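Worksheet for the structure shown next.
Numbering (the numbering used here), first residue to last: 142 to 459.
In structure tokens form, the structure reads like this:
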């Protein structure tokens, strides 16, 4: 049932809606992505991926936050977080990251924010007022822009959680909102039990949402300006456990999609006959992928974000 893509590798059959992207060269699979001394804790490992820290170092800002801090900008918002309200790579001060469940709801709520008059000056209240003022401006702007987006643009998106997030992202792009980062989330891949049906459903939801997003982005002229990267806190173990599932693992593939992506297989697939503690051995550090995007999209030297030289993954951007 698997969908062959070369080098004795294949996609899960539930990813069939994404085959059109693969055939067009708009989808890349970055293989064997992980990091040294992997942590199997959900909380610690996702923190490592979000901040791009070493496993033995704790950072307080997301890697994209540090990248955006290096850029001159005058925007109502630097990032939008859809779905789960986890800022992740846009955590930290110095940028304007907005977490919202629905762009239209946010716009209406933001324009209703009132800014009270302060008889006594208070630095904390001044900051709150400044944030409220920014929200009002952002809300007015987004609400006016969203009104101009035709409903037909997202009418065919799947009615799933991730499908709705893809649709909201499309509305923001079509509305001309200038935030350079939009974060979506899709959970429940922690498949310790009965993995087969759950994994298939999740991959199918993702692929259907991605395919609908590509179609709409092509129709609206945005596809060549969008780069989509997937990431997760860890992969799964190669061997099935006693509950018809798999447990927390190490190396895993990442998907990269977009009109400017150099499609195909990137990197080296970990060998199944060279496991370490029954786990795949990663062949590419996740920060190399980040570094490739920093250079290819924003022209930022990786060491300015990571605090040390990182060999960027070559060939991600066409």
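Even for Gly, the Cβ is constructed at its ideal location relative to N, Cα and C. Bear in mind the structure is a predicted one, so any value in this text is a computation, not a measurement.
- Counting C-beta pairs closer than 8 Å gives fewer than three between the stretch 195–202 and the stretch 297–307, which falls short of the contact rule.
- Of 157, 294, 144, the smallest CA-CA separation from residue 342 is found for 157.
- A buried status is given to residue 355, since no fewer than 16 other beta-carbon atoms sit within 10 Å of its beta-carbon.
- Counting other Cβ atoms within 10 Å of its Cβ, residue 415 stays below 16 and is therefore classed as exposed.
- Judged by their CB atoms, residue 392 and residue 376 are nearer to each other than the 8 Å cut-off.
- Three or more pairs of CB atoms, one per stretch, sit closer than 8 Å, so the stretch 307–317 contacts the stretch 354–372.
- Between residue 332 and residue 387, the C-beta spacing is below 8 Å.
- Its Cα nearest to that of residue 347, the residue 369 stands out among 422, 222, 369.
- With contacts defined as CB atoms closer than 8 Å, residue 222 and residue 238 qualify as a contacting pair.
- Taking C-beta separations shorter than 8 Å and ignoring five residues to either side along the sequence, the partners of residue 411 in its chain run 172, 173, 392, 421, 422, 423, 424, following chain order.
- Ranking 324, 315, 336 by CA distance to the CA of residue 359 puts 315 first.
- The C-alpha of residue 340 lies about 13 Å from the C-alpha of residue 152.
- Ranking 446, 418, 434, 389 by CA distance to the CA of residue 334 puts 389 first.
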